[in-house]
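The listed protein sequences derive, respectively, from chains G and C.
FYI, our numbering numbers position 9 of the first sequence as 9, with every residue one higher than the one before it.
FYI, our numbering numbers position 53 of the second sequence as 201, with every residue one higher than the one before it.
Ideal Cβ placement from N, Cα and C applies to all residues, glycine included.
Reviewing the structure listed below.
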Amino acid sequence: MVDITRDKIDLDRLLAEMESPESGGVVVFIGRVRNHAQGREVIRMEYEGYEPMARRVLQQLENEVRERWPVEKIAMVHRLGILEIGEASVVIAVACAHRAQAFEACRYAIDRLKETLPVWKKEFGLDGASWVEGVMPNVHQSEEETNR
Amino acid sequence: MAVTIRLFAILREAVGKDGFDIHIDEPVPVERLFEQIVAEHPALERYKSMITFAVNGDYATGQDLVKDGDEVALIPPISGG
Numbered sequence: 001m002v003d004i005t006r007d008k009i010d011l012d013r014l015l016a017e018m019e020s021p022e023s024g025g026v027v028v029f030i031g032r033v034r035n036h037a038q039g040r041e042v043i044r045m046e047y048e049g050y051e052p053m054a055r056r057v058l059q060q061l062e063n064e065v066r067e068r069w070p071v072e073k074i075a076m077v078h079r080l081g082i083l084e085i086g087e088a089s090v091v092i093a094v095a096c097a098h099r100a101q102a103f104e105a106c107r108y109a110i111d112r113l114k115e116t117l118p119v120w121k122k123e124f125g126l127d128g129a130s131w132v133e134g135v136m137p138n139v140h141q142s143e144e145e146t147n148r
Numbered sequence: 149m150a151v152t153i154r155l156f157a158i159l160r161e162a163v164g165k166d167g168f169d170i171h172i173d174e175p176v177p178v179e180r181l182f183e184q185i186v187a188e189h190p191a192l193e194r195y196k197s198m199i200t201f202a203v204n205g206d207y208a209t210g211q212d213l214v215k216d217g218d219e220v221a222l223i224p225p226i227s228g229g
């Protein structure tokens with residue numbers, strides 16, 4: 001499952017999604033708001049997203065991860081809005097039969113999310129707010145699209 | 149024929165709104181549409197090299213055609229996660 005939400009991410013619910021008798025390993029990545037960036041203090045973060053496209057990109061990423069690893073369960077949720085220090089902005093959970101697959105799949109998912117998800121964050125510090133310098137989306141075509 | 153333009157983050161702030169409609173006479177490539185957008189909103193000119201386009205929720209190239217009713221998003225560098 002994938003979701004873009006303005007609510008606090010419910011970790012218990014995500015872990016419940018990972019229930020699967022075939023899965024011997026569950027890896028969870030939690031991205032949180034940190035209190036510093038490039039030597040400056042950060043007091044909160046605001047996330048903006050192109051919601052319909054962000055959902056679509058996450059769904060495509062789920063499909064891609066499932067094609068590449070034998071994933072039993074996967075959940076990816078990104079939060080938007082104003083977040084305080086320590087709050088989770090993104091959570092990815094992957095359940096596989098074996099831990100190595102789960103670690104690899106989860107690592108790939110968060111790396112690709114950061115390269116493709118149309119979401120932007122604004123950092124609020126003591127001396128004002130500024131958009132975090134981002135990356136140009138790294139768009140590669142999946143085989144499905146190439147064959148279409 | 150009209151196309152909906154969506155703006156986000158730094159581009160939204162540069163123009164002062166999150167989107168607008170633009171008139172086209174016929175289907176046009178994204179990069180030509182962008183020239184038309186810049187003509188109407190010169191504030192976007194300086195961001196040209198950092199913009200990625202999306203058409204109807206999929207990343208697009210400058211050569212992809214935009215037609216009546218499409219939604220075109222101007223995507224500045226992303227910073228999710």
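| Query | Result |
| --- | --- |
| Simplified DSSP assignment, three categories, for C/S197 | helix |
| Below-8 angstroms beta-carbon distance, C/M149 vs any chain G residue | no |
| Through-space distance from G/A97 to C/S227, alpha-carbon basis | 32 angstroms |
| Residue burial classification, G/Q101 (beta-carbon count within 10 angstroms, cutoff 16) | buried |
| Helix, strand or coil at C/A157 according to DSSP, with G and I counted as helix | helix |
| Residues that C/I185 contacts on chain G, provided the C-beta gap is smaller than 8 angstroms | What C/I185 touches in chain G: nothing, since even the nearest Cβ is about 17 angstroms away. |
| Selected residue, minimal CA-CA separation from C/R160, among C/D218, C/Y207, C/A191, C/G210 | C/A191 |
| Given 8 angstroms, three or more beta-carbon pairs between the segment 58-77 of chain G and the segment 14-30 of chain G | yes |
| Three CB pairs or more closer than 8 angstroms across the segment 124-136 of chain G and the segment 58-66 of chain G | no |
| Nearest neighbour of G/E67, chosen from G/Y108, G/G49, G/L83, G/S23 [CA to CA] | G/Y108 |
| Alpha carbon of G/V139 to alpha carbon of G/E84, nearest angstrom | 31 angstroms |
| Residue range of the unbroken beta strand (DSSP E) whose run includes G/D3 | 2-5 |
| Min CB distance C/A202 to chain G below 8 angstroms | yes |
| Alpha carbon of G/A81 to alpha carbon of G/R34, nearest angstrom | A quick correction: the sequence has Gly, not Ala, at residue 81 of chain G. If you take the alpha carbons of G/G81 and G/R34, they lie about 16 angstroms apart. |
| Short CB-CB distance (under 8 angstroms) between G/L11 and chain C | no |
| Nonlocal neighbours in the same chain, by C-beta distance under 6 angstroms from G/R99, ignoring five residues either side | G25 |
| C/A162 versus C/L181: straight-line alpha-carbon distance, rounded | 18 angstroms |
| Short-range partners of chain G found in the segment 197-226 of chain C, where Cβ spacing is below 8 angstroms | M198, T200, A202, G205, D206, Y207, A221, I223, P224, P225, I226 |
| Close Cβ partners of G/L113 (< 6 angstroms) along its chain, the five nearest in sequence each way excluded | none |
| Identity of the residue in G/Y47, G/P70, G/T116 nearest C/A208 by Cα | G/T116 |
| G/G49 beta carbon less than 8 angstroms from that of G/I4 | yes |
| Interface residues of the segment 80-111 of chain G facing chain C [CB-CB below 8 angstroms] | S89, V90, I110 |
| Minimum length 3: unbroken beta strand (DSSP E) runs contained in the segment 74-126 of chain G | 81-84, 88-96, 119-125 |
| Residues that DSSP places opposite G/V26 in a beta bridge | G/A95 |
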